[in-house]
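Visitor:
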Amino acid sequence: MEKYLLQIEFRYHAIPKSDSPYASDCYNKKIAIGIYDSIDDAIKQGNKSLEVLKTKFSFNDSFSKHGGPFGTSNTLVCNFDYRNKPQFFATIEALHFDDLAFVMEDVFHEHERWLQKQGEIN
780 MEKYLLQIEF RYHAIPKSDS PYASDCYNKK IAIGIYDSID DAIKQGNKSL EVLKTKFSFN
840 DSFSKHGGPF GTSNTLVCNF DYRNKPQFFA TIEALHFDDL AFVMEDVFHE HERWLQKQGE
900 IN
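Numbered per this note's numbering, the sequence shown spans residues 780 to 901.
(1) Tell me which residues share the same chain as F868 and place their Cβ nearer than 6 Å to its Cβ, disregarding the 5 neighbours each side in the sequence.
(2) In whole angstroms, what is the alpha-carbon distance linking V886 and P848?
(3) Run through the segment 850-874 for me and flag every whole beta strand (DSSP E) of 3 or more residues, listed as ranges in chain order.
(4) Quick check on S828: does DSSP put it in helix, strand or coil?
(5) Note down, in chain order, each residue of its chain lying with its Cβ closer than 8 Å to the Cβ of A811, except the 5 sequence neighbours on either side.
(6) Decide if the segment 821-829 is in contact with the segment 838-846; the criterion is three or more beta carbon pairs, one per stretch, under 8 Å apart.
(7) Check this for me: beta carbons of I818 and K844, under 9 Å apart or not?
(8) If we count the other Cβ atoms within 10 Å of its Cβ and call it buried at 16 or more, is G850 buried or exposed?
(9) Count the other CB atoms, across all protein chains shown, that sit within 10 Å of the CB of G825; report buried if there are 16 or more and exposed otherwise.
(10) So what's A793 in DSSP terms, helix, strand or just coil?
(11) Name the two residues that bound the continuous alpha helix (DSSP H) containing A880.
(12) With the cut-off set at 9 Å, would you say Y791 and Q866 are in Cβ contact?
(13) Counting C-beta neighbours from all protein chains within 10 Å, is the total for T854 16 or more, i.e. buried, or is it exposed?
In structure tokens:
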């Protein structure tokens with residue numbers, strides 16, 4: 780089963796929350812907008828969220844099913860004017876739901892094949 784997570788991450792500079800000389804002035808906040816049953820629903824809601832972002836950020840991109848590289852889905856939108864403003868990354872990520880035991884077996888099987896291939900190379 781597959782669902783789609785729409786999330787937005789903000790990266791920005793702010794006054795450090797600590798007086799320590801090692802405190803960072805770089806911060807981030809990530810929020811989940813929603814989880815959707817189809818890529819089409821995630822794209823639709825993602826583009827609605829981008830309209831809200833356009834009130835504070837300058838960018839020309841949007842989510843699309845075939846607007847990415849080589850006709851793939853465009854599932855990442857960000858602003859490039861981040862020197863004077865906070866930066867955002869809006870993403871749609873596929874979530875895969877599967878049986879844990881099955882996935883573990885598959886991972887170990889693939890890793891074993893890789894180890895055997897490494898032995899052939901060395």
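Glycine is no exception: its CB is placed at the ideal position from the N, C-alpha and C atoms.
Guide: Quick look at the numbers:
(1) Looking up residue 868 in the sequence shown gives position 89. Counting only Cβ-Cβ distances below 6 Å, and skipping sequence neighbours, we find E788, C857.
(2) For this step, residue 886 is matched to residue 107 along the sequence shown. For this step, residue 848 is matched to residue 69 along the sequence shown. Between the C-alpha atoms of V886 and P848 there is a straight-line separation of about 28 Å.
(3) 855-857
(4) The residue given as residue 828 occupies position 49 in the sequence shown. Looking at S828 - three-state DSSP - the assignment turns out to be helix.
(5) Taking the sequence shown and counting its residues from 1, the one referred to as residue 811 is at position 32. Hits under 8 Å: L784, L785, Q786.
(6) yes
(7) Taking the first residue of the sequence shown as position 1, residue 818 is located at position 39. Taking the first residue of the sequence shown as position 1, residue 844 is located at position 65. Yes. Within cutoff.
(8) What you label residue 850 is simply residue 71 of the sequence shown in a count that begins at 1. So G850 counts as exposed.
(9) Position 46 of the sequence shown holds residue 825. With 16 or more other Cβ atoms within 10 Å, it is buried.
(10) Numbered from its first residue, the sequence shown carries residue 793 at position 14. In the three-state scheme derived from DSSP, where H, G and I count as helix and E and B as strand, A793 is classed as coil.
(11) On the sequence shown, position 101 is the one that residue 880 refers to. Unbroken alpha helix (DSSP H) run through A880: 879-900.
(12) Working through the sequence shown from its first residue, we reach residue 791 at position 12. Working through the sequence shown from its first residue, we reach residue 866 at position 87. The answer is yes: Cβ separation under 9 Å.
(13) For the purposes of this step, residue 854 is taken as the residue at position 75 of the sequence shown. Under this definition T854 is a buried residue.
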